[in-house]
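Visitor: Note that my numbering has the sequence shown beginning at 4, numbered continuously upward.
Where is the CB? At the ideal position from N, CA and C, for every residue including glycine.
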Amino acid sequence: MTQRSLRYHTNLQETKKLAQQTLKEIDQLGLAPNPIHYTLIFELLGDIDPNFSKKLTELIQAKQYQDDLAFPIYQDLVKSALAINIPTDQVQQLIDQAIDDTHNWNAVSKQQQGTLSTNLANITQCDTKEAVNDYVSKHIIPPINLICQETERLQNKLDEWSQLIEKLQDDLKNAHKLAKTDSLTGIANRHGFDEMLDRQIELAKKNAETFCILIVDLDHFKVVNDTYGHLVGDTTLRYLAKLLDTETKGHDRVARYGGEEFVILLNKITYDNALRFAENIRANIARKSLRARGHETPLRITVSIGVAIYQIGEPAESFFERADKALYLAKNKRNQVCGEHHLEH
4 MTQRSLRYHT NLQETKKLAQ QTLKEIDQLG LAPNPIHYTL IFELLGDIDP NFSKKLTELI
64 QAKQYQDDLA FPIYQDLVKS ALAINIPTDQ VQQLIDQAID DTHNWNAVSK QQQGTLSTNL
124 ANITQCDTKE AVNDYVSKHI IPPINLICQE TERLQNKLDE WSQLIEKLQD DLKNAHKLAK
184 TDSLTGIANR HGFDEMLDRQ IELAKKNAET FCILIVDLDH FKVVNDTYGH LVGDTTLRYL
244 AKLLDTETKG HDRVARYGGE EFVILLNKIT YDNALRFAEN IRANIARKSL RARGHETPLR
304 ITVSIGVAIY QIGEPAESFF ERADKALYLA KNKRNQVCGE HHLEH
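1) Fully enclosed by the segment 240-308, which alpha helix (DSSP H) runs are 4 residues long or longer?
2) CA-CA distance, T239 and N270?
3) Bridge partners of C215, per DSSP?
4) Cβ of I315 within 8 Å of Cβ of A277?
5) Along the chain, where does the beta strand (DSSP E) that runs through V340 open and close?
6) For T184, which residues does DSSP report across the bridge?
7) Just grab the DSSP bridge partners of L221 for me.
8) Measuring CB to CB, does L302 end up less than 8 Å from K328?
9) The alpha helix (DSSP H) spanning T351 covers which residue range?
10) Near L200, which residues of its chain fall below 6 Å by C-beta distance, leaving aside the five closest residues on each side in sequence?
11) Take H344 and list the residues in its own chain whose beta-carbon comes closer than 7 Å to its own, dropping the five residues that flank it on each side.
12) Considering only the alpha carbon of each residue, which of E198, N159, R285, I147 lies closest to D220?
13) Residues in its own chain within less than 6 Å of E264 by CB, not counting five upstream and five downstream?
14) Expressed to the nearest angstrom, what Euclidean distance is found between the alpha-carbon atoms of A295 and I304?
15) Roughly how many whole angstroms lie between the Cα atoms of H131 and I147?
16) Within the chosen definition, does the segment 102-122 reach the segment 138-155 through at least 3 CB pairs nearer than 8 Å?
17) According to DSSP, is N1 helix, strand or coil?
18) Is N37 helix, strand or coil when you go by DSSP?
19) Which one of W108, D52, C341, A35 has the shortest CA to CA distance from R156?
20) So is K209 buried or exposed if we call it buried at 16+ other beta carbons inside 10 Å?
21) Can you name the start and end residues of the alpha helix (DSSP H) that I63 belongs to?
22) Of all the options N37, Y231, Q16, which has the alpha carbon lying nearest to the alpha carbon of L26?
23) Is the beta carbon of S307 sitting closer than 8 Å to the one on R337?
24) Could you give the distance in angstroms between the alpha-carbon of Q203 and the alpha-carbon of L217?
25) DSSP state of L43, grouped into three classes?
26) Can you find the residues in the same chain that come closer than 8 Å, C-beta to C-beta, to D222, ignoring five residues on each side of it along the sequence?
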C-alpha cells in the first residue's frame, strides 16, 4: 500500500475553506488561477512551511510576485518537498518483486532437492552399471538441471535488481542535489545552506575551530526590477551569485538564502579578516557597472553586508540572528559592512 503524504494535515472541510481562500487571494492579486499560483498561495495561506510563507509574503507585499517569478519559486518548493519525502513506490515494488522471485526459487529448489534425495536413496536398487547410468540420466540429472536453471534465473534477477538499485540511488542523489540548489543562480539554496551550516557547526565543535558568516543583501533590488524589468533583475542575481562564488574561490560556501539575500560561510578565518573580506566584496561590487540591453545608462549595484563569528556551542539561530542584525544596521545606510561588534554600541 502506498504511503500517503503527510505534508497536508487539514481535514476535508478545512481544505475546502482553504481552497476558497486561495482562489479569492489569487483573484485579489490579479493573477490567473493556474496550478502554479494555486499551489504557492495554498501553501502560503495554509502556512505549511513558515520560511516559505515569510518569503512569499514579502514578495507579495513588495508587489514583486508575478507570473515570471512564480515558476522558479514553484520549482524550489517542489524540490524542497522532494528532499523531505521521496516517493518509495519504486523501491517497494522492487522489494516485493525480489521477495516473490526468491520465494519461487526457494520453493522450486526445495521441491527438486526432495525429489533428488528420494531418487538418490533409490539408486541402490539398480543392480547393473547400465541401470545406474539410465537411472541417473532420468532421475538424478533432471532435478539437478532444474535447480541450476532456477539458480541461474535468480542470479540474472539479482543483476537486474542491482542495476535498478544503482539507478534509484542515482535518481535519489540527483533529487537531493536539485532540492538543495537554487534554480535561478545554480548555487545552494536555503535548504542547502541549512545543511552546510549544520555540518560547519559540527566541525567547529569537533575541531574547536570557529568560522564566520556573511549575509549579503543586494541594495534597492526592487528599483532594479521596476526600472529594468525582472529579466534584468534575474540576470543581476545570477551575476552576483557568480561573483560571490568567484570571490570565495570555491573554498568557502555560498548560498542564495532567499530573494536578493545571499550568505557566505568563511572557514578558518578571524573575525577581523572576515570584516576585511566583506569590505573587499562590497568595494569590488560597487566599482563595477553592468550593461542592460535597451538601456543606455549603466546599471550600478551595491550590497550591504552583515558579519558575525560563531561562538562554539551556541545555537545556529543566535549566530545567524547576530549577522542578520548587523545586516540591518548596514542596510540603514546601504553599501555598508557592519559586524556584530557594532551591535554593542
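Guide: With the given structure in hand:
1) 274-290
2) For the pair T239 and N270, the Cα-to-Cα distance works out to about 27 Å.
3) L269, I312
4) In terms of Cβ geometry, I315 and A277 do not form a close pair [threshold 8 Å].
5) 340-342
6) A191
7) V306
8) Judged by beta-carbon spacing, K328 lies beyond the 8 Å limit of L302, meaning their Cβ atoms are not closer than that value.
9) Nothing about residue 351 can be read from this structure; the chain reaches only from 4 to 348.
10) For L200, the CB contacts under 6 Å within the same chain, skipping 5 residues up- and downstream, are A319 in chain order.
11) There are no such residues.
12) R285
13) D220
14) 12 Å
15) Per the sequence presented here, residue 131 reads as Thr, with His not at that position. If you draw a straight line from the Cα of T131 to the Cα of I147, it is about 23 Å long.
16) yes
17) Since the first residue of the chain shown is 4 and the last is 348, residue 1 is not available in this structure.
18) coil
19) The option with the nearest alpha carbon to R156 is W108.
20) exposed
21) 53-64
22) N37
23) Taking C-beta atoms as the reference points, S307 and R337 count as a pair closer than 8 Å.
24) 14 Å
25) Helix, per DSSP.
26) I304, T305, V306, S307, K334, R337, N338
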